[in-house]
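Enquirer:
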Amino acid sequence: MSSLHVSPFLSRKFSLVSFLSVFVLLFISGLTLTANSADKSASPKKVDYAAEMKRIPPRAPKDALKSFKIHPDFKIELVAAEPLLRDPVAMCFDARGRAYVVEMPEYNDAHKEGYSSVKLLEDTDGDGVFDKSSPFLTDVTLPTAVFCYQGGVFIGAPPYVYYCKDTNGDGKADVREVVMEGFGRDKGDEGMINSFRWGMDNRIYFSTGIDGGMVTVAAEGPEKQFNTKGRGVILDPATRKIELTTGGGQHGMSLGIWNRAFVCANSVPMQVLMYDDRYIARNPYLAPPPAPVNIAPGGKFTKLMRISQIEPWRILRTRLRAASERGDSEGGKPSGFFTAATGITAYRGDAWPLEYQGNLFVGEPANNLVYRAAPKPDGLSLVAPRADQDAEFLASTDVWFRPVQFENGPDGALYVLDMYRELIEGAPFIPEEILKHIDPIGGQDKGRIYRIVPKNFQRPALSDLTKLSSKELVALLDSDNGWTRDTAQRLIYERQDTSVVPDLKQLAAASKKPVTRATALWSLEGLNSLDADTLLKGLKDQDPQVCIQSSRIAERFAGNAQVQQAMIALAGHDSIEVQYQAAFSLGAFENSARNQTLAALLSKNVDNKWMRMAVQSSLTQGAGEVFVSLTRNSDLLGNKQTQAFLATLAIQIGAQSDVENVKLLMGALESLPQSQQKLAQQSFRNLLSRASASTKQVLANSKSEYTAQLLSGMMKSTIEQATNSKLPVKTRVEAIPTLSIGSPDETLPVFEELLSVQQPLPIRQKAITSLGLVNDERVPELLVEAWPGLSPQLRMSAVETLFSRQPWQVALLDAVKAGDINSGDISPERVQLLKSSQDKAIKKRATDLFQNQRLTGRSDVIKQYQSSLKLKGDPANGKLVFKKNCAACHRLENVGVQLGADLKAIKDRGTEAVLLNILDPNREVKPQYVTYLLVTTQGRTITGLIKAENANSITIARADGTSDTVLRIDIDELISSKLSFMPEGLEKQIDQQQMADLLAYLNSIK
1 MSSLHVSPFL
11 SRKFSLVSFL
21 SVFVLLFISG
31 LTLTANSADK
41 SASPKKVDYA
51 AEMKRIPPRA
61 PKDALKSFKI
71 HPDFKIELVA
81 AEPLLRDPVA
91 MCFDARGRAY
101 VVEMPEYNDA
111 HKEGYSSVKL
121 LEDTDGDGVF
131 DKSSPFLTDV
141 TLPTAVFCYQ
151 GGVFIGAPPY
161 VYYCKDTNGD
171 GKADVREVVM
181 EGFGRDKGDE
191 GMINSFRWGM
201 DNRIYFSTGI
211 DGGMVTVAAE
221 GPEKQFNTKG
231 RGVILDPATR
241 KIELTTGGGQ
251 HGMSLGIWNR
261 AFVCANSVPM
271 QVLMYDDRYI
281 ARNPYLAPPP
291 APVNIAPGGK
301 FTKLMRISQI
311 EPWRILRTRL
321 RAASERGDSE
331 GGKPSGFFTA
341 ATGITAYRGD
351 AWPLEYQGNL
361 FVGEPANNLV
371 YRAAPKPDGL
381 SLVAPRADQD
391 AEFLASTDVW
401 FRPVQFENGP
411 DGALYVLDMY
421 RELIEGAPFI
431 PEEILKHIDP
441 IGGQDKGRIY
451 RIVPKNFQRP
461 ALSDLTKLSS
471 KELVALLDSD
481 NGWTRDTAQR
491 LIYERQDTSV
501 VPDLKQLAAA
511 SKKPVTRATA
521 LWSLEGLNSL
531 DADTLLKGLK
541 DQDPQVCIQS
551 SRIAERFAGN
561 AQVQQAMIAL
571 AGHDSIEVQY
581 QAAFSLGAFE
591 NSARNQTLAA
601 LLSKNVDNKW
611 MRMAVQSSLT
621 QGAGEVFVSL
631 TRNSDLLGNK
641 QTQAFLATLA
651 IQIGAQSDVE
661 NVKLLMGALE
671 SLPQSQQKLA
681 QQSFRNLLSR
691 ASASTKQVLA
701 NSKSEYTAQL
711 LSGMMKSTIE
721 QATNSKLPVK
731 TRVEAIPTLS
741 IGSPDETLPV
751 FEELLSVQQP
761 LPIRQKAITS
771 LGLVNDERVP
781 ELLVEAWPGL
791 SPQLRMSAVE
801 TLFSRQPWQV
811 ALLDAVKAGD
821 INSGDISPER
831 VQLLKSSQDK
841 AIKKRATDLF
851 QNQRLTGRSD
861 VIKQYQSSLK
871 LKGDPANGKL
881 VFKKNCAACH
891 RLENVGVQLG
901 ADLKAIKDRG
911 TEAVLLNILD
921 PNREVKPQYV
931 TYLLVTTQGR
941 TITGLIKAEN
951 ANSITIARAD
961 GTSDTVLRID
971 IDELISSKLS
981 FMPEGLEKQI
991 DQQQMADLLA
1001 YLNSIK
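For what it's worth, the UniProt record's numbering labels the leading residue of the sequence shown as 1, then goes sequentially.
1. Using DSSP bridges, identify the partner residues of Lys376.
2. Decide yes or no for the touch test of the segment 815-835 against the segment 780-788: beta carbon pairs closer than 8 Å, at least 3 of them.
3. Please report the distance separating the alpha-carbon of Tyr422 from that of Pro61.
4. Does DSSP classify Val930 as helix, strand or coil?
5. Exposed or buried, Asn259, counting other C-beta atoms within 10 Å across all chains shown (16 or more means buried)?
6. Is it the case that the segment 394-405 contacts the segment 279-287, given that we only count it when at least three CB pairs across the two stretches are under 8 Å?
7. With a cut-off of 8 Å, do at least 3 Cβ pairs link the segment 376-386 to the segment 418-437?
8. Exposed or buried, what is Glu973 when buried is set at 16 or more other beta-carbons lying within 10 Å of its beta-carbon?
9. Just curious, the alpha helix (DSSP H) that Trp610 is in, first and last residue?
10. For Val563, which three-state DSSP category applies?
11. Rank Asp439, Val370, Lys436 by C-alpha distance to the C-alpha of Tyr415 and give the top, closest one.
12. Let me know the secondary structure DSSP gives Trp352 once reduced to three states.
13. Within 10 angstroms of its Cβ, does Gln994 collect 16 or more other Cβ (buried), or is it exposed?
14. Check whether the Cβ atoms of Ile452 and Asp418 lie closer than 9 Å to each other.
15. Provide the residue(s) that pair with Thr245 in DSSP beta bridges, ordered along the chain.
16. Could you check what DSSP says for Phe93 in three-state terms: helix, strand or coil?
17. Per DSSP, which one or two residues make a beta bridge with residue 1010?
18. Under three-state DSSP, which class holds Ser823?
19. Would Glu407 be called buried (16 or more neighbouring beta carbons within 10 Å of its own) or exposed?
20. I'd like the span of the beta strand (DSSP E) that includes Gln938, first residue to last.
21. Find out if the Cβ-Cβ distance for the pair Ala508, Lys467 is shorter than 9 Å.
22. Spatial neighbours of Glu625 within its chain, please: C-beta separation below 6 Å, excluding the five flanking residues on both sides.
23. I'd like the list of long-range same chain contacts for Asn661, defined as Cβ closer than 7 Å, with 5 residues on each side in sequence excluded.
24. Does Lys165 come out as helix, strand or coil in the three-state DSSP assignment?
25. What's the gap between the Cα of Leu748 and the Cα of Leu869?
26. Is the Cβ-Cβ distance between Ser207 and Gly248 less than 9 Å?
27. With 16 as the cutoff for other CB atoms within 10 Å, does Ser1004 come out buried or exposed?
28. Please give me, in chain order, every unbroken run of the beta strand (DSSP E) with length at least 3 that falls completely inside the segment 714-776.
29. Starting from Thr138, trace the beta strand (DSSP E) in both directions and tell me its first and last residue.
30. How is the beta strand (DSSP E) around Thr345 delimited, first residue to last?
31. If you reduce the DSSP assignment to three classes, tell me which class Pro514 lands in.
32. Which value, in whole angstroms, describes the spacing of the CA atoms of Ser657 and Ala261?
33. Please state whether DSSP places Ala366 in a helix, a strand or coil.
34. Near Phe645, which residues of its chain fall below 6 Å by C-beta distance, leaving aside the five closest residues on each side in sequence?
35. Under the assumption that Pro88 contacts Val101 (Cβ atoms under 8 Å), give the Cβ distance between them as a whole number of angstroms.
36. Below 8 Å on the Cβ atoms is my guess for Ile768 versus Ser791; work out the distance and round it to an integer in Å.
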């Protein structure tokens, strides 16, 4: 993955880019091994399981149809199969009813790539079954998505998004243009860009999966880069320019009837995205909660009602896990829960009964079934309980049935894309002794597409929408079929025919269907023909969802006084969903009335974290007024959430260079009653915690006695709170970070007291991490003096703090040389960082100090630890090994912190594969487990994995179990090490018997 270069170093002596380049080269050249050589060194004598690995043959398409068990009110029909197509993973219907189908036969092919394609399927006789296939685009590498536009298609094929078109009618693309470049590809071909969807706002939305990438857009020029990691993309197909929005999930993204986004991942069947982070990006001081929210009550462990036989290889894998150690446990069920959730899709058609609209469908190809849920409101979020109680909506007895994606069709039906594979799991996840009996690419010449319709379904005659007049297209916006509305709206946008503006206005005002009224409004906006009077009707619509869509459009009318008043009125709407959108949309308006409206919105919903976030997103301006308004509401001041919001707002006001806001805040604090002086003191601390130069100047020039009292009393009260042993530990911990903004002469003795062995662990932990914010040369000395009394966990945190500034690294080396710190307290990967430092003095000293502390080549270590596979392990002892050595980054049986890979999932690879991953973690590193180095504008360095990110902030999880959320405006540089978060060198902490015990414990977990 490319690094995010936020701002260049202009005068930094220590270059992280060079630093990491040397680091990576060291690993590649001296410490790691290629996958092939590692496999050779790790190959013990194999057992041949051929006798029990009977292959299950594929079924012919007609026979496969007989394998399905479907909801009793529906039937499933075959509409396409080999040889017309192979391995379908995405599709879209054009306005003529033809289907562009993305084929990915190279999935799981470790030896060859570049032979995937996009087929154009046609039903030439109108019987509802495709009978003609044209090779629209061939020789493509790993295509994943497709969407129709202006007679051609956008195609996602990482690292590219292409626009392709057939201009001479031969069914083959003769135009192939690169629209975007730079999207990532992962080794398992599982988390790439996917799911191109039409939005009500005349834009194409898609997911970047888990791979992201540093992307350039042809229409924007090569200089402008977009960091798409963890983000979604919004493409304007007319200009081919993009915006970034909220992302999430792995493979599968769907827009519901009202444009609400849903995503899924292998073990996360359903999530709703709670906000569009284009709103979040307006206020760079806002660090929001993660947008994806799980809505499936059972999550990964939802019981799935599989009806296919469990493949022999799954049974064998489970047995080997158990037999390798105690032999009394399978170490987990071989199937029956979500391990491959994919293709989440909201049904938006009209062929099914109305109550099914908005239902969510997820493919579970590892279990050969399709799961259905019926979402319903849960506050501002949703909950999506199982919709089918006694059987899955669709399941097959055929283990080759692999439903990976869905599509709403022009006939109102739901289409199911079946890759039809012998193996849907990534081949690297299957133990070698099992994989040899399976064909990883078995079925790459096969594939099916099915249509699900009610039993009494009568297929409607389909029109060629390209032949309709623009006026006829407007009439189609009144359709109950989402595909029809989308396609008609898209064609109206493509044509830019303003002669239909009166018809659209009439539809926006008079249609009996709320979704039609909203679509008509967006179509007018797409034609640049929406007037304020028509929009005002939408803002006053009786349907809350129409109001929400109108509010989004209203942001483009921020200068219109009537629209402003209508938006302010919407903040008092009965629907909390309308209020939520109003809180976002009001950020586009600039006047005092909207500030008071935002304060009123918050007052009504202060306990709702999403509403607090939405209000703050709109407070790039006006934060001071809202702060004043909230502090004047005595009924709110005792509320903890109000206090938390005021704290957040005070930090923002302090960081912004807005003198008037600072004065408003200080005036509000001075007006607080005596009973709220504790709140005043805390707000003042927060104001100073990230104070800009202008904020400090305002306070320095203040003539207010009250301000002088706060300045003199702030640190005294902070010290009292942090050191008072009679207070709850949590209360004391909350005060410690404030010590970092005081005078070191005053606060370092306090830190010394907080580091003493008599203090509770959370106090000491917070003191160590907070010392990283104190830029004083005496900090290393303080930590070194406390070292003998630090536990292993605290020593890890102390190393992280000492690593955060270059001069402190020198002090660390001094302490190691003097014997004050044992060299074994420095993890192997930190030693390598020191040895590869760009600073020649640090590099030489580290090389001399740690010359005997070298990581053995991975091949030798793997060879040495093969005996662990033969030793009898003790799970009880293994649990202790796990707790001591692994719990900082992994969680099992309520022990540890879940930062690294899910060990319940990794063990499915087989014991030998788990051993390889433990000893050589850099053999296979998924994007979400790569180590990053983040450098702040204050000169701190934070090392760890990216736990979460959005438009405004990045959360880095460190190896000591702590984490930091850093606003993007405070990031100087972010660099990927391309190495695993899990360090090499675990063999230095555990011997072969302990490894056997650890493996036994991992295999005993159910």
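Ideal Cβ positions, reconstructed from N, Cα and C, are used throughout, including at glycine.
Expert: Concretely, from the data shown:
1. Note: Lys376 sits in a beta bridge opposite Val383.
2. With a cut-off of 8 Å on Cβ pairs, the segment 815-835 is in contact with the segment 780-788, counting three or more such pairs.
3. Correcting the residue type first, residue 422 is Glu in the shown sequence and not Tyr. The C-alpha of Glu422 lies about 15 Å from the C-alpha of Pro61.
4. Strand, per DSSP.
5. Of the other Cβ atoms in all chains shown, 16 or more fall within 10 Å of the Cβ of Asn259; this residue is therefore buried.
6. Between the segment 279-287 and the segment 394-405, the count of C-beta pairs closer than 8 Å stays below three; the two stretches do not touch.
7. Touching, no, given that fewer than three Cβ pairs across the two stretches are closer than 8 Å.
8. Buried is the call here.
9. From DSSP, the alpha helix (DSSP H) with Trp610 extends over 609-617.
10. DSSP places Val563 in helix when its eight states are reduced to three.
11. Nearest of Asp439, Val370, Lys436 to Tyr415, Cα basis: Val370.
12. DSSP places Trp352 outside both helix and strand once states are collapsed to three, so it counts as coil.
13. Gln994 is buried by the Cβ-count criterion.
14. Result no, Cβ atoms of Ile452 and Asp418 do not sit closer than 9 Å.
15. BP columns for Thr245 point to Gly232.
16. Per DSSP, reduced to three states, the secondary structure at Phe93 is strand.
17. In the structure as shown, the chain begins at 1 and stops at 1006. Residue 1010 is therefore absent and cannot be evaluated.
18. Residue state for Ser823 is assigned as helix, using DSSP reduced to three classes.
19. Glu407 should be labelled buried.
20. Per DSSP, Gln938 belongs to no beta strand (DSSP E) and is neither H nor E.
21. Not closer than 9 Å, so no.
22. Closer than 6 Å at the Cβ level, and outside the excluded window around Glu625, lie Asn595.
23. Non-local C-beta neighbours of Asn661 in its own chain, meaning closer than 7 Å and more than five positions away in sequence, comprise Ala623, Gly624, Ile653, ordered along the chain.
24. The three-state reading of DSSP puts Lys165 in strand, counting E and B together.
25. Cα to Cα, the separation comes out at about 51 Å.
26. Yes, Cβ-Cβ distance for Ser207 and Gly248 is below 9 Å.
27. Classification of Ser1004: buried, given that the 10 Å Cβ count is 16 or more.
28. Whole beta strand (DSSP E) segments, 3+ residues: zero.
29. First-last of the beta strand (DSSP E) with Thr138: 132-140.
30. First-last of the beta strand (DSSP E) with Thr345: 342-346.
31. Residue state, collapsed to three classes: helix.
32. Approximately 36 Å between the Cα atoms of the pair.
33. Taken through DSSP and simplified to helix, strand or coil, Ala366 comes out as coil.
34. Cβ contact annotation for Phe645 (same chain, cutoff 6 Å, sequence separation greater than five): Arg612, in chain order.
35. Contact between Pro88 and Val101 is confirmed by a C-beta separation of about 5 Å, below the 8 Å threshold.
36. Not confirmed; about 11 Å, so no contact.
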